[in-house]
Amino acid sequence: MKESMEETPSALLILNGKGAGSDALRDAIHTLRAEGVRLEIRVTWEHGDAARYLAEAVALGCETVVAGGGDGTFNEVATALINLPEGTRPVLGLLPLGTANDFATSCDIPMVLEQALQLAIKGRAVDIDLARVNEKHYFINMATGGFGTRITTETPEKLKSALGSVSYFIHGLLRMDQLKADHCKITGPDFSWEGEALVIGVGNGRQAGGGQKICPDALINDGLLQLRLLTSEELLPSFIRSIMNNEENNNGLSASLSWLEINAPHSMTFNLDGEPLSGTQFRIEVVPNALQCRLPPQCPLLG
């Protein structure tokens, strides 16, 4: 027997298992369902779950898929979406449940879960860009390399849970004795640079590492990525000032590019929304209008 429209969910929430026990989230879900919203819930346990649940959402005819978690969860769901055939992709909604919530904060998504869930399901759908790395990896927010990557990838989970985004700052201070620049060459359209970089930021979004505004001019619908470079002379004062005072990093080299290539004589690691990727060569390019996402009307990342 064919399933009736009343039994077909209009949205599916792919929820990171770490946030599944939130009472506030349960209340928000109950409120939406009481309003007549058909909402299915799936909880991830291991890598690959998001793609499997997304396939289920498509089969159910869901208009919206909500990613509930931090930047890593957003990345996993966005990557699964872009790998679907064009024309079959549900709209992406974002429910911030992570430690730092850098992308959600940059987008001005409410941190009150009921408000965020309402926006994720009922908000205006707009086209947004993604960034693609070496043809098969993606990020929705930012790729960071150098010392900043070592801070965000090595900060202990217990410290994150106890202190939130300030944990990145504390762990960074503890690692200052291990500052080491990466020699690399970066090229792009009408752009070339070679030298010793301590922090490399390639932004579709604006901030990473728990509030560091590495790419303060980035937009997610302009067909461009913002490149930011900090050397050893610029890193420490910028790092401390940006985290303690929530100021933008205005030092260093900046460029807006549709693509760039990074080549290094030794292996480097880039953090793609929390997922590490190592190698000696990286080609990073923007994928314009890759997905539709439900965002606030005055989202700062929309041009």
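Going by UniProt numbering, the residue at position 29 of the sequence shown is 29; the numbering climbs one at a time, nothing skipped.
Backbone N, C-alpha and C fix where the C-beta goes; we use that ideal spot for every residue, glycine too.
Source: prediction; values computed, not measured.
Assignment of Q115 by DSSP, reduced to helix, strand and coil, places it in the helix class. Every beta strand (DSSP E) stretch that sits fully inside the region 179-228 and reaches 3 residues is listed by chain position as 182-188, 191-197 and 199-203. In this structure, DSSP gives H266 an extended state, which the three-state scheme calls strand. In this structure, the straight-line span from the alpha carbon of N271 to that of E86 is close to 27 Å.
Counting only runs of 4+ residues, the alpha helix (DSSP H) found wholly inside the region 44-105 occupies 49-60 and 71-82, in chain order. For the pair T231 and W193, the Cα-to-Cα distance works out to about 12 Å. Going by DSSP, L25 is part of the alpha helix (DSSP H) stretching over D23 to A34. In terms of Cβ geometry, L92 and G68 do not form a close pair [threshold 8 Å].
Excluding sequence positions up to five before and after G223, its CB lies within less than 7 Å of the CB of D129, S258, V286 and P288, all in the same chain and listed in chain order. S106 places its beta carbon 8 Å or farther from that of L295.
When DSSP states are grouped into helix, strand and coil, A131 belongs to the strand group. Per DSSP, S10 is not a residue of any beta strand (DSSP E), being assigned neither H nor E.
In this structure, DSSP gives I121 a helical state, which the three-state scheme calls helix. Look at G274 here: in three-state DSSP terms it is coil, with no helix or strand label. Sequence-distant Cβ neighbours of A78 in its own chain, meaning closer than 7 Å and more than five residues away, are L92, L130, Y138, I140 and L291. For L253, the enclosing beta strand (DSSP E) starts and ends at L253 to L257.
For R132, the closest C-alpha among the options E196, A50, S267 and A80 is that of A80. Residue pairing by DSSP puts V286 in a beta bridge opposite A131. Annotated as distal: E135 and A28, with beta-carbon spacing of 8 Å or more. DSSP, reduced to helix, strand and coil, places G17 within a helical segment of the structure shown. Of the candidates Q207, T280, H266 and R89, the residue whose Cα lies closest to the Cα of T144 is Q207.
Selection G203, G19, S254 and A20 evaluated against D102 yields G203 as nearest (Cα-Cα). A distance below 8 Å separates the beta carbons of I262 and C184. Less than 8 Å divides the Cβ of R42 from the Cβ of I14. Looking at the DSSP output, T144 sits in a beta bridge with G201 and N271.
Taking 8 Å as the upper bound for CB-CB distance, Q298 and D127 are not in contact here, some 17 Å apart. In this structure, the CA atom of L54 is about 7 Å from the CA atom of V65. Here DSSP, grouped into helix, strand and coil, assigns Q298 to coil.
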